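Here the structure comes first, spelled out in structure tokens, and everything after it is commentary.
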Amino acid sequence: MKIKLSAVFLAAFAVASIAGCKRDGKHGPVIAKVGNDSITADEFKKRLDETSPFLRARYNTIERKKEFLESLIRNELLAQEAERQGLDKSPAVREQVKRAMIQELKKFYDAHLDDFVKPERARVYHILVAAKDAKDKAQAKKKAEALLKDINERTRKGEVNAFQAVAQKDSQDPTSAPMGGDLRFVSKDELTKSYSAELANAAFDLKNPGDVAGPIETPAGAELVKLQVKTPTVNRSFEESKEGIRGRMARERRSKDYDDFVKKLRDNGNVSIDEGELAKVVPSEPASPSMSVVPRGMPSAAPASVKIGGK
0 MKIKLSAVFL AAFAVASIAG CKRDGKHGPV IAKVGNDSIT ADEFKKRLDE TSPFLRARYN
60 TIERKKEFLE SLIRNELLAQ EAERQGLDKS PAVREQVKRA MIQELKKFYD AHLDDFVKPE
120 RARVYHILVA AKDAKDKAQA KKKAEALLKD INERTRKGEV NAFQAVAQKD SQDPTSAPMG
180 GDLRFVSKDE LTKSYSAELA NAAFDLKNPG DVAGPIETPA GAELVKLQVK TPTVNRSFEE
240 SKEGIRGRMA RERRSKDYDD FVKKLRDNGN VSIDEGELAK VVPSEPASPS MSVVPRGMPS
300 AAPASVKIGG K
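Under numbering that gives the first Met the number 0, the first residue of the sequence shown carries the number 0, and numbering increases by one thereafter.
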């Protein structure tokens with residue numbers, strides 16, 4: 000028996016429902032009733048805390064909390080419909096659904112690998128004193144040393160963007176000089192290819208924002224480089240990313256047919272919300288900013304084509 004991928008997402012709600020949070024039981028005040036089931040404050044907070052810190056910070060008003068709760072209600076309605084259609088009953092069906100889901104999620108992960116695996120990046124500024132030969136390079140180094148001394152003196156006197164000002168005036172890189180030497184965010188490999196390994200090594204050896212290195216002898220001459228900020232390596236495995244991918248794929252597949260289907264479930268689902276209890280739920284404070292591309296734990300939606308009533 001083959002399962003159409005158009006039905007996979009609906010069936011997956013039943014699979015996830017049995018394998019996931021329902022198995023843990025319900026705790027805390029009820030904030031929403033969905034048919035004969037309910038969503039509790041503890042369950043809501045747990046799902047909210049599973050999102051990225053960046054997204055979590057958005058859900059600090061009752062309107063935003065209701066938006067998130069509606070996603071959970073939608074998921075519950077879809078899970079109930081999947082169960083009604085019997086998609087959760089057969090172990091063989093459930094296993095086939097699970098395999099089909101994993102295959103499709105993995106295919107998406109592989110096709111969008113750059114979203115999940117990113118090298119360390121840095122925003123850097125540089126100053127080039129150009130040189131053509133060994134004699135020129137000796138002079139270029141002296142000039143770069145003088146420019147660095149000027150930058151340090153101006154910085155000591157309180158000039159915040161001394162490096163950028165000197166770069167704009169004295170750098171001989173025609174591309175970056177007008178922008179104060181700004182090379183924008185680059186990876187080490189990108190900087191190596193665009194400029195030189197020497198410049199890239201020096202830039203990525205810098206540890207703290209505002210640090211300056213140089214003069215650096217490069218094929219182009221003598222250079223100074225300043226670190227503005229670094230972003231760490233992002234290396235999210237498929238296992239870490241699959242829940243976020245599930246939500247992203249589902250959102251991309253939404254259509255009017257699906258929206259109409261969910262609306263019908265909502266209208267017939269005997270749904271009620273306790274806004275008083277909802278307002279009391281406070282998301283956990285983020286520990287640090289997240290670099291995730293694909294938010295984890297965001298409530299997922301079903302695909303565009305779901306058959307009503309299992310027909």
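Every residue, glycine too, gets a C-beta built ideally from N, C-alpha and C. Computed from a predicted structure; not experimentally measured.
* May I ask you to verify whether the stretch 135-154 touches the stretch 180-197, counting CB pairs closer than 8 angstroms and requiring at least 3? => The stretch 135-154, when compared against the stretch 180-197, does not touch it at the 8 angstroms Cβ threshold.
* H125 classed as buried or exposed, judged by whether at least 16 other C-beta atoms fall within 10 angstroms -> As a first step, residue 125 must be located in the sequence shown, where it is residue number 126. It counts as buried.
* **Euclidean distance between Cα positions of P173 and R247** => Indexing the sequence shown from 1 puts residue 173 at position 174. Indexing the sequence shown from 1 puts residue 247 at position 248. One C-alpha to the other measures close to 42 angstroms.
* Would you verify that the beta carbon of F43 is, or is not, closer than 7 angstroms to some beta carbon of chain B? => Among the chains in the structure shown there is no chain B, since it carries only a single protein chain.
* Asked: Which value, in whole angstroms, describes the spacing of the CA atoms of K65 and L147?
  -> Within the sequence shown, residue 65 is the residue found at index 66, counting from 1. Within the sequence shown, residue 147 is the residue found at index 148, counting from 1. Rounded to the nearest angstrom, the gap between the Cα atoms of K65 and L147 is 55 angstroms.
* Beta-carbon proximity check, P208 vs V228, cutoff 7 angstroms -> Your numbering for residue 208 matches position 209 in the sequence shown. Your numbering for residue 228 matches position 229 in the sequence shown. It is a contact, given that the beta carbons lie within the stated cut-off.
* **Rounded distance between the beta-carbons of Q167 and L127, thought under 8 angstroms** => Here residue 127 corresponds to residue number 128 of the sequence shown, with the count starting at 1. Here residue 167 corresponds to residue number 168 of the sequence shown, with the count starting at 1. At roughly 12 angstroms, the Cβ-Cβ gap does not stay under 8 angstroms, so L127 and Q167 are not in contact.
* Asked: Secondary structure at Y58, three-state DSSP: helix, strand or coil?
  -> Sequence index remark: in the sequence shown, residue 58 carries index 59 (1-based). Secondary structure of Y58 (DSSP, three-state): coil.
* Asked: Are the stretch 216-223 and the stretch 232-245 in contact at 8 angstroms, needing three or more beta carbon pairs?
  -> Touching, no, given that fewer than three Cβ pairs across the two stretches are closer than 8 angstroms.
* Asked: Apart from the five residues just before and just after G27, which ones in its own chain have a Cβ nearer than 6 angstroms to its Cβ?
  -> In the sequence shown, residue 27 corresponds to position 28, counting from 1. The answer, listed in chain order, is T39, A40 and D41.
* Less than 7 angstroms separating the beta-carbons of I30 and L264? -> On the sequence shown, residue 30 is found 31 positions in, with the first residue counted as 1. On the sequence shown, residue 264 is found 265 positions in, with the first residue counted as 1. No, Cβ-Cβ distance for I30 and L264 is not below 7 angstroms.
* Asked: Just the Cα atoms here: how many angstroms apart are L198 and D149?
  -> Looking up residue 198 in the sequence shown gives position 199. Looking up residue 149 in the sequence shown gives position 150. Their backbone Cα atoms lie some 21 angstroms apart in a straight line.
* To do: Evaluate I101 with the Cβ neighbour count: other Cβ atoms within 10 Å of its Cβ, from every protein chain shown; 16 or more gives buried, anything less gives exposed.
  => Translated into the one-based positions of the sequence shown, residue 101 becomes position 102. When all chains shown are included, I101 counts as exposed.
* Asked: Between V270 and V96, is the Cβ-Cβ spacing less than 7 angstroms?
  -> Your numbering for residue 270 matches position 271 in the sequence shown. Your numbering for residue 96 matches position 97 in the sequence shown. For the pair V270 and V96, the CB atoms are not nearer than the 7 angstroms cut-off.
* Length of the line joining the Cα atoms of L205 and A212 -> Within the sequence shown, the letter at position 206 stands for residue 205. Within the sequence shown, the letter at position 213 stands for residue 212. Going from the Cα of L205 to the Cα of A212 covers about 7 angstroms.
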